[in-house]
């Protein structure tokens with residue numbers, strides 16, 4: 004839609020003017036909620052060249068940070084006045100509190116439980132009304148049959164016509180009451196069925212919402228577990244290298260086995276340079292930089308530097324970056340051998 008595209012361009016232009024276009028890493032317009040909105044990833048580099056998220060978004064205190072965020076919200080509201088997107092009320096004035104994801108999930112579960120109970124009540128009402136209608140319909144047929152039989156008797160006999168007429172009159176009154184009752188019960192059944200269909204629709208929508216949240220939760224849990232595992236491994240990596248180096252120095256066979264490995268880099272004091280190069284290559288592949296400063300120790304140029312494949316997992320890319328860095332600093336520059344592993 005051209006309006007959405009223009010909305011995104013207006014927002015991009017405003018953000019570029021505020022922080023500098025070179026500091027916008029990604030800028031994506033989303034239409035998955037009630038209002039269009041933007042997800043922007045930026046580098047908080049100030050006019051004086053310093054990298055400081057604190058100064059751009061915060062301050063020296065909680066009060067300063069709050070005032071800074073108010074300023075950002077006011078600015079963004081002004082940018083989107085033309086699109087009739089109004090700024091929300093200040094939570095410090097309204098006292099409103101954002102719900103955590105856990106609170107939101109609990110509320111959804113409570114709402115679903117309440118809907119389930121209401122659905123069960125409506126189902127019982129439908130069952131009860133259906134049974135009553137069936138009984139009334141059966142009674143109606145029985146009385147209609149009795150009336151037909153009495154009318155037949157009336158034609159065949161002259162002796163007790165008055166008695167038969169009284170019975171027919173009574174049965175007709177009863178039949179009228181049954182028909183009125185049937186009409187009411189059927190009308191109520193139609194109403195309850197409509198309410199039940201509406202509740203089912205609401206309930207199914209809630210279930211879909213819960214299912215979507217659970218899927219997002221599982222994705223987030225997987226990310227958290229993976230990142231936690233990375234942190235745990237990283238926390239002991241240096242210690243593992245240190246212990247491996249000690250073992251290699253004591254055992255000649257282990258020293259030979261460690262040749263052309265990261266342990267060898269640590270053992271021969273190349274580790275700091277390897278890690279530095281690996282870090283720069285890794286970051287270059289993440290932020291799309293076009294080159295890495297040439298490093299000493301391995302010869303060659305940065306033209307042979309590997310590049311991150313599209314959608315390549317961060318861990319796989321990190322391993323390739325470190326293998327490249329090791330090869331650049333290893334005696335003889337065994338780059339091709341390292342990259343082929």
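In this note's numbering, the protein residues as written are 4 to 344. Ideal Cβ placement from N, Cα and C applies to all residues, glycine included.
Residue i - containing alpha helix (DSSP H), residue span
{"i": "residue 64", "result": "It is not in any alpha helix (DSSP H) - residue 64 carries neither H nor E in the DSSP assignment."}
{"i": "residue 214", "result": "164 to 253"}
{"i": "residue 269", "result": "265 to 270"}
{"i": "residue 12", "result": "5 to 22"}
{"i": "residue 320", "result": "317 to 332"}
According to DSSP, residues forming a beta bridge with residue i
{"i": "residue 151", "result": "For residue 151, which the question treats as bridged, DSSP gives no partner whatsoever."}
{"i": "residue 32", "result": "41"}
{"i": "residue 346", "result": "Here the chain covers residues 4 to 344 and nothing more, so residue 346 does not appear."}
{"i": "residue 136", "result": "Answer is none; residue 136 lacks a bridge partner."}
{"i": "residue 27", "result": "45"}
Nearest-angstrom Cα separation, counted from residue j out to residue i
{"i": "residue 279", "j": "residue 311", "result": "18 Å"}
{"i": "residue 145", "j": "residue 208", "result": "45 Å"}
{"i": "residue 294", "j": "residue 287", "result": "Any reading at residue 294 needs caution, since the residue's pLDDT is 40, under 50, leaving its predicted position unreliable; the model's value is listed next. Approximately 7 Å between the Cα atoms of the pair."}
{"i": "residue 169", "j": "residue 202", "result": "49 Å"}
{"i": "residue 69", "j": "residue 61", "result": "7 Å"}
{"i": "residue 163", "j": "residue 157", "result": "8 Å"}
{"i": "residue 10", "j": "residue 86", "result": "8 Å"}
{"i": "residue 84", "j": "residue 53", "result": "32 Å"}
{"i": "residue 58", "j": "residue 40", "result": "25 Å"}
{"i": "residue 299", "j": "residue 285", "result": "Only weak support is given to the placement of residue 299: the predicted model assigns it a pLDDT of 39, under 50, and the value that follows is read from those uncertain coordinates. Each residue's alpha carbon lies about 18 Å from the other."}
{"i": "residue 177", "j": "residue 109", "result": "53 Å"}
{"i": "residue 265", "j": "residue 308", "result": "19 Å"}
{"i": "residue 273", "j": "residue 18", "result": "43 Å"}
{"i": "residue 301", "j": "residue 210", "result": "Because the pLDDT of residue 301 is 42, which lies under 50, any placement of that residue in the model is unreliable, and the question is left without a value."}
{"i": "residue 226", "j": "residue 234", "result": "12 Å"}
{"i": "residue 21", "j": "residue 82", "result": "11 Å"}
{"i": "residue 8", "j": "residue 76", "result": "22 Å"}
{"i": "residue 230", "j": "residue 236", "result": "10 Å"}
{"i": "residue 204", "j": "residue 43", "result": "36 Å"}
{"i": "residue 147", "j": "residue 172", "result": "12 Å"}
{"i": "residue 216", "j": "residue 119", "result": "19 Å"}
{"i": "residue 260", "j": "residue 106", "result": "55 Å"}
{"i": "residue 333", "j": "residue 313", "result": "28 Å"}
{"i": "residue 206", "j": "residue 133", "result": "23 Å"}
{"i": "residue 25", "j": "residue 262", "result": "44 Å"}
{"i": "residue 305", "j": "residue 34", "result": "Caution applies to residue 305, whose pLDDT of 48 falls short of 50 and renders its modelled position unreliable; the value that the coordinates give is listed next. Between residue 305 and residue 34, the C-alpha separation is close to 41 Å."}
{"i": "residue 1", "j": "residue 218", "result": "Given that the chain is displayed from residue 4 to residue 344, the structure contains no residue 1 and the question cannot be resolved."}
{"i": "residue 80", "j": "residue 315", "result": "37 Å"}
{"i": "residue 13", "j": "residue 48", "result": "22 Å"}
{"i": "residue 56", "j": "residue 198", "result": "53 Å"}
{"i": "residue 270", "j": "residue 113", "result": "60 Å"}
{"i": "residue 159", "j": "residue 174", "result": "20 Å"}
{"i": "residue 136", "j": "residue 200", "result": "20 Å"}
{"i": "residue 154", "j": "residue 167", "result": "8 Å"}
{"i": "residue 15", "j": "residue 330", "result": "42 Å"}
{"i": "residue 4", "j": "residue 78", "result": "25 Å"}
Buried or exposed by the 16-neighbour rule on C-beta atoms within 10 Å, applied to residue i
{"i": "residue 318", "result": "exposed"}
{"i": "residue 241", "result": "exposed"}
{"i": "residue 188", "result": "buried"}
{"i": "residue 268", "result": "buried"}
{"i": "residue 222", "result": "exposed"}
{"i": "residue 245", "result": "exposed"}
{"i": "residue 251", "result": "buried"}
{"i": "residue 339", "result": "For residue 339, the predicted structure reports a pLDDT of 46, less than 50, and the residue's modelled location is therefore unreliable. The matter cannot be settled from this model."}
{"i": "residue 182", "result": "exposed"}
{"i": "residue 325", "result": "buried"}
{"i": "residue 139", "result": "buried"}
{"i": "residue 277", "result": "buried"}
{"i": "residue 116", "result": "exposed"}
{"i": "residue 248", "result": "buried"}
{"i": "residue 281", "result": "buried"}
{"i": "residue 275", "result": "exposed"}
{"i": "residue 328", "result": "buried"}
Residue-chain proximity (residue i, chain C), Cβ-Cβ < 9 Å
{"i": "residue 314", "result": "Absent from the structure is chain C; it holds one protein chain and no more."}
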